[in-house]
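Visitor:
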Amino acid sequence: MSTPAISLQDLDISYGDTKVVRGATFDVARGESFALVGESGSGKSTVLKAIAGLAPEWTGEISVLGKPRGHGTDRAFSEVCQMVFQDPYASLHPRKTVDTVLSEPLAIHGIGNRGARVVEMLGAVGLDRRFRFRFPHQLSGGQRQRVAIARALMLEPQVMLLDEPTSALDVSVQAEILNLLKRLRREQGLTYLMVTHNLPVVSFMCDRMAVMNKGRIVEIAPKTALYDGSFADPYTRDLYAASGGNPDADPAVAAALKTKDTA
Amino acid sequence: MLTRDWLLDDSPATLMQANLGRAWRMTTALLRNPLAVAGLLIVLLLLATALFAPWIAPESPVGQNLSARLLPPSAAHWMGTDELGRDIFSRVVYGARITLLIVALVAVISAPLGLIIGAVAGYFGGWIDRILMGLTDVFLSLPKLILALAFVAALGPGIENAIIAIAITAWPAYARIARAETLTFRNSEYIQAVRLVGGSHGRIIFRHVLPLCTSSMIVRVTLDMAGIILTAAGLGFLGLGAQPPLPEWGAMISRGRTFILDQWWVATMPGFAIILVSLGFCFLGDGLRDVLDPKQGGEK
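Read top to bottom, the protein sequences are chains W and Z. Going by our numbering, the first sequence opens with residue 926, and the numbers climb by one from there. Going by our numbering, the second sequence opens with residue -17, and the numbers climb by one from there.
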């Protein structure tokens, strides 16, 4: 087997004196879509931040595409791994146009032909080119999240970290974004590590999942477990029962399954 | 091409159009506020007066005429004459230049200085923050006028030194504001996103943090203009600012103090000018705050 896209070994993450994540260990294969599920405060977003370099206080090992990660952000890493944040209302600079936001990664990495690349990427995420010079306040939540996804894709990374990319959006828009993410993964052969608390989204988007509770990974299960409920850990069984069983019944996922991505 | 529809187009075709559209929306919002318009007119009047002083002033600001000493306001001397027979109106008009020079230079020196110090302290935090803010606190803890007095006393009286002294006393307030603003969004996701794509600290501070601090800074500087004018006038009044025969408003009041009971106009006329210009900057600052502060909905 080739080197995994993301590999965590015995990862402990802390904020100051509080340990938030303990002993996280899992591998995400190349091209796989892997979910981290758990309730609020279980440390799942923190794992993403540590991989991205935004939560530098960790011990253990993180490697991405076979290369060990340092503790901060760095330029070489930004070309292979990018992150999409949860809240599209907080992840775009209020004074910058879509064009500026999307050109910036190219400018930082000295990549030319920016205008054409921006237009091309707008098309890839299903935004009309008339959105190019709008400010964030002139965009809806779904459009903002498309811009945020486009920004993450500008450097053509192979690994995408998705931090609840749909939870701040309303149901019909969630379906659009889920379909968009699914299509982008198929077209560009991306590896996804996705944080969510929504089990139906996992069944729609992901191949495998790790369930987190109180900073520990309690179980790693394939997505088929969501259909037959074959979970080993009691906490996971409770979580599964609370989500109500049949994952396809979730309104957002049902809408996503019905409408193919039209963009 | 430059029509209203083009400016307000929801889907601008170029970056310039998008920026012009935003500027246009702000301008119209500002013009809807009557007090802001009044302030803007006063400031424009000050600018025009300073620019066209030689054509507006009927007489030389320094030309003495001892046979026309201390004349009350009349058709020939709109604001009367002072103890050396100089036309007060002409002196007030030329004084606009000095006032504007002081205000502009102080703003140009202290605002960027405070902005950068505050943004750097707020962005990095930790010991950089502690050192920079400790320095700021030292300056803030001294009364402005006293500190300015000390600097002028050390540097020697004169208009340039007064400007430097006022600028040195003005920046700590801006540093505080810039730091507070920076703290509110230094951990926000759009800043983290720039770090993730590999942006350097310098790039983040100058391209992403500073633009968000500038609007509150513009408001604060405009509101402070009145204070700057008063401090300059205070230094002039104490004889440490502009030196005679320069027609600085504060120095003029100081000279008029001797005759304030019998020849009230000598001190009052430049006093009116100071009040009017201070008021103008205050109104304009208030109006700008309504337009520029995103929390007030100016962005929506």
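In this text, a Cβ means the ideal position worked out from N, Cα and C, and glycines have one as well. No experiment lies behind these values; they were computed from the predicted model shown.
Is residue 10 of chain Z buried or exposed, if buried means 16 or more other CB atoms sit within 10 Å of its CB?
Guide: Taking the first residue of the second sequence as position 1, residue 10 of chain Z is located at position 28. Of the residues assessed, residue 10 of chain Z falls on the exposed side of the cut-off, its CB having fewer than 16 other CB atoms within 10 angstroms.
Visitor: Just the C-alpha distance for residue 1039 of chain W and residue 1033 of chain W, rounded to the nearest angstrom, thanks.
Guide: Taking the first residue of the first sequence as position 1, residue 1039 of chain W is located at position 114. Taking the first residue of the first sequence as position 1, residue 1033 of chain W is located at position 108. Taking the straight line from one Cα to the other gives about 11 Å.
Visitor: What are the residues that DSSP puts in a beta bridge with residue 1079 of chain W?
Guide: On the first sequence, residue 1079 of chain W is found 154 positions in, with the first residue counted as 1. According to DSSP, residue 1079 of chain W bridges with nothing at all.
Visitor: Is the Cβ of residue 975 of chain W closer than 9 Å to any Cβ of chain Z?
Guide: Against the first sequence, residue 975 of chain W aligns to sequence position 50. So, not an interface residue.
Visitor: Is residue 1134 of chain W helix, strand or coil when you go by DSSP?
Guide: Translated into positions along the first sequence, residue 1134 of chain W becomes position 209. In the structure shown, residue 1134 of chain W sits in a strand (DSSP, three-state: E or B).
Visitor: If you drop the 5 nearest sequence neighbours on each side, which residues of the same chain put their C-beta closer than 8 Å to that of residue 1062 of chain W?
Guide: As a working note, residue 1062 of chain W is residue 137 in the first sequence. Same-chain partners within the cutoff: 1019.
Visitor: Between residue 931 of chain W and residue 982 of chain W, which are expected to be in contact by the criterion C-beta below 8 Å, what is the C-beta distance as a whole number of angstroms?
Guide: Stepping through the first sequence from its first residue, residue 931 of chain W is reached at position 6. Stepping through the first sequence from its first residue, residue 982 of chain W is reached at position 57. About 19 Å separates the two Cβ atoms, so there is no contact after all.
Visitor: Buried or exposed for residue 1113 of chain W, going by 16 or more other Cβ atoms inside 10 Å?
Guide: Position 188 of the first sequence, counted from the start, is the residue given in the question as residue 1113 of chain W. So residue 1113 of chain W ends up on the exposed side.
Visitor: Report the option in W/936, W/957, W/929 whose CA atom is closest to the CA atom of residue 1111 of chain W.
Guide: On the first sequence, position 186 is the one that residue 1111 of chain W refers to. Out of W/936, W/957, W/929, W/957 has the C-alpha closest to the C-alpha of residue 1111 of chain W.
Visitor: If contacts are defined as beta-carbon pairs under 8 Å, then residue 65 of chain Z and residue 237 of chain Z qualify, I think. What distance do you get, rounded to the angstrom?
Guide: Locating residue 65 of chain Z in the second sequence gives position 83, counting from the first residue. Locating residue 237 of chain Z in the second sequence gives position 255, counting from the first residue. The beta-carbon distance between residue 65 of chain Z and residue 237 of chain Z, rounded to whole angstroms, is 7 Å. This is short enough to meet the 8 Å contact definition.
Visitor: Would you mind giving the Cβ-Cβ distance between residue 235 of chain Z and residue 215 of chain Z, rounded to the nearest angstrom? I have them listed as a contact below 8 Å.
Guide: The residue given as residue 235 of chain Z occupies position 253 in the second sequence. The residue given as residue 215 of chain Z occupies position 233 in the second sequence. That pair is a contact at about 7 Å.
Visitor: Would you give the residue range spanned by the beta strand (DSSP E) that residue 974 of chain W belongs to?
Guide: Counting from one through the first sequence, the residue named residue 974 of chain W turns up at place 49. Per DSSP, residue 974 of chain W belongs to no beta strand (DSSP E); it is in the alpha helix (DSSP H), 969 to 977.
Visitor: Say whether the stretch 1167 to 1181 of chain W touches the stretch 1097 to 1109 of chain W, bearing in mind that this needs 3 or more beta-carbon pairs closer than 8 Å, one atom from each stretch.
Guide: Segments in contact, yes.
Visitor: Starting from the C-beta of residue 991 of chain W, find all residues in its chain whose C-beta is less than 6 Å away, skip the five residues before and the five after it, and write them out in chain order.
Guide: Start at 1 with the first residue of the first sequence, and residue 991 of chain W comes out as number 66. So the qualifying residues of the chain are 928.
Visitor: Compare the Cα-Cα distances from residue 1046 of chain W to each of W/1075, W/1025, W/1055, W/1065 and report the closest residue.
Guide: If you number the first sequence from 1, residue 1046 of chain W lands on position 121. Among W/1075, W/1025, W/1055, W/1065, the Cα nearest to that of residue 1046 of chain W is on W/1075.
Visitor: Flag residue 1003 of chain W as yes if its beta-carbon sits less than 9 Å from any beta-carbon of chain Z, otherwise no.
Guide: The residue you call residue 1003 of chain W lines up with position 78 of the first sequence. So yes, residue 1003 of chain W belongs to the interface.
Visitor: For residue 76 of chain Z versus residue 39 of chain Z, is the C-beta spacing smaller than 9 Å?
Guide: Here residue 76 of chain Z refers to the residue found at position 94 when the second sequence is read from its first residue. Here residue 39 of chain Z refers to the residue found at position 57 when the second sequence is read from its first residue. Closer than 9 Å, so yes.
Visitor: Applying the criterion that 16 or more other CB atoms from any shown protein chain within 10 Å of the CB defines a buried residue, is residue 183 of chain Z buried or exposed?
Guide: Taking the first residue of the second sequence as position 1, residue 183 of chain Z is located at position 201. The residue in question, residue 183 of chain Z, is exposed, as its Cβ has fewer than 16 Cβ neighbours within 10 Å.
Visitor: Let me check understanding here. Comparing Cα to Cα, which of Z/202, Z/263, Z/274 lies closest to residue 25 of chain Z?
Guide: Residue mapping note: residue 25 of chain Z aligns to position 43 of the second sequence, counting from 1. With distances taken between Cα atoms, residue 25 of chain Z lies closest to Z/263.
Visitor: Applying a beta-carbon distance threshold of less than 7 Å, which residues of chain W neighbour residue 190 of chain Z?
Guide: For the purposes of this step, residue 190 of chain Z is taken as the residue at position 208 of the second sequence. Under the 7 Å cutoff, chain W gives 1018.
Visitor: Since residue 1120 of chain W and residue 961 of chain W are thought to touch, with beta carbons under 8 Å apart, how far apart are those beta carbons, to the nearest angstrom?
Guide: Here residue 1120 of chain W refers to the residue found at position 195 when the first sequence is read from its first residue. Here residue 961 of chain W refers to the residue found at position 36 when the first sequence is read from its first residue. The C-beta separation of residue 1120 of chain W from residue 961 of chain W comes to about 5 Å, placing the pair in contact by the 8 Å criterion.
Visitor: Can you find at least 3 beta carbon pairs, one from the stretch 252 to 259 of chain Z and one from the stretch 187 to 199 of chain Z, that sit closer than 8 Å?
Guide: No, the stretch 252 to 259 of chain Z does not touch the stretch 187 to 199 of chain Z.
Visitor: If you drop the 5 nearest sequence neighbours on each side, which residues of the same chain put their C-beta closer than 8 Å to that of residue 269 of chain Z?
Guide: The count along the second sequence starts at 1 and reaches residue 269 of chain Z at position 287. Hits under 8 Å: 12, 15, 17, 18, 19, 21, 22.
Visitor: Report the option in W/943, W/948, W/933 whose CA atom is closest to the CA atom of residue 1143 of chain W.
Guide: In the first sequence, the residue the question calls residue 1143 of chain W occupies position 218. Closest by C-alpha distance to residue 1143 of chain W, out of W/943, W/948, W/933, is W/948.
Visitor: Could you name the residues of the same chain whose beta carbon sits closer than 6 Å to that of residue 934 of chain W, not counting the 5 residues immediately before and after it, in chain order?
Guide: Within the first sequence, the letter at position 9 stands for residue 934 of chain W. The answer, listed in chain order, is 950, 985, 986.
Visitor: Measuring CA to CA, which of Z/246, Z/147, Z/107 is closest to residue 92 of chain Z?
Guide: Looking up residue 92 of chain Z in the second sequence gives position 110. Nearest option by C-alpha distance: Z/147.
Visitor: From which residue to which residue does the beta strand (DSSP E) around residue -8 of chain Z run?
Guide: Along the second sequence, read from residue 1 onward, the residue named residue -8 of chain Z stands at position 10. Looking at the DSSP string, residue -8 of chain Z is not in any beta strand (DSSP E), and its letter there is neither H nor E.
Visitor: Against chain Z, which members of the stretch 1026 to 1043 of chain W pass a CB distance test of less than 8 Å?
Guide: Those would be 1029, 1030, 1033, 1034, in chain order.
Visitor: Output the distance between the C-alpha atoms of residue 281 of chain Z and residue 274 of chain Z, rounded to the nearest integer angstrom.
Guide: Taking the second sequence and counting its residues from 1, the one referred to as residue 281 of chain Z is at position 299. Taking the second sequence and counting its residues from 1, the one referred to as residue 274 of chain Z is at position 292. Note that residue 281 of chain Z scores a pLDDT of 42, beneath 50, so its modelled location is shaky; the value from the coordinates is reported in the next line. C-alpha separation (whole angstroms): 7 Å.
Visitor: Quick one, which of Z/56, Z/60, Z/67 has its alpha-carbon nearest residue 44 of chain Z's?
Guide: Here residue 44 of chain Z corresponds to residue number 62 of the second sequence, with the count starting at 1. It is Z/67 whose Cα lies nearest to the Cα of residue 44 of chain Z.
Visitor: Just tell me which of Z/-3, Z/170, Z/200, Z/248 has its CA closest to the CA of residue 1025 of chain W.
Guide: Position 100 of the first sequence, counted from the start, is the residue given in the question as residue 1025 of chain W. Of Z/-3, Z/170, Z/200, Z/248, the smallest CA-CA separation from residue 1025 of chain W is found for Z/-3.
Visitor: Counting pairs of beta carbons, one from the stretch 83 to 90 of chain Z and one from the stretch 144 to 162 of chain Z, are three or more of them closer than 8 Å?
Guide: Put simply, the stretch 83 to 90 of chain Z touches the stretch 144 to 162 of chain Z. At least three CB pairs are less than 8 Å apart.
Visitor: State the Cα-Cα distance for the pair residue 122 of chain Z and residue 83 of chain Z, rounded to the nearest angstrom.
Guide: Along the second sequence, read from residue 1 onward, the residue named residue 122 of chain Z stands at position 140. Along the second sequence, read from residue 1 onward, the residue named residue 83 of chain Z stands at position 101. Those two C-alpha atoms are separated by around 24 Å.
Visitor: Starting from the beta carbon of residue 171 of chain Z, find every residue of chain W whose beta carbon is closer than 7 Å, and list them in chain order.
Guide: Residue mapping note: residue 171 of chain Z aligns to position 189 of the second sequence, counting from 1. Correct list: 1010, 1012, 1015, 1016.
Visitor: Rounding to the nearest angstrom, what Cα-Cα distance links residue 2 of chain Z and residue 1014 of chain W in this structure?
Guide: Here residue 2 of chain Z corresponds to residue number 20 of the second sequence, with the count starting at 1. Here residue 1014 of chain W corresponds to residue number 89 of the first sequence, with the count starting at 1. Between residue 2 of chain Z and residue 1014 of chain W, the C-alpha separation is close to 24 Å.
Visitor: Does the Cβ-Cβ distance between residue -15 of chain Z and residue 32 of chain Z come in under 9 Å?
Guide: By 1-based counting over the second sequence, the position of residue -15 of chain Z is 3. By 1-based counting over the second sequence, the position of residue 32 of chain Z is 50. For residue -15 of chain Z and residue 32 of chain Z, no; Cβs fall outside 9 Å.
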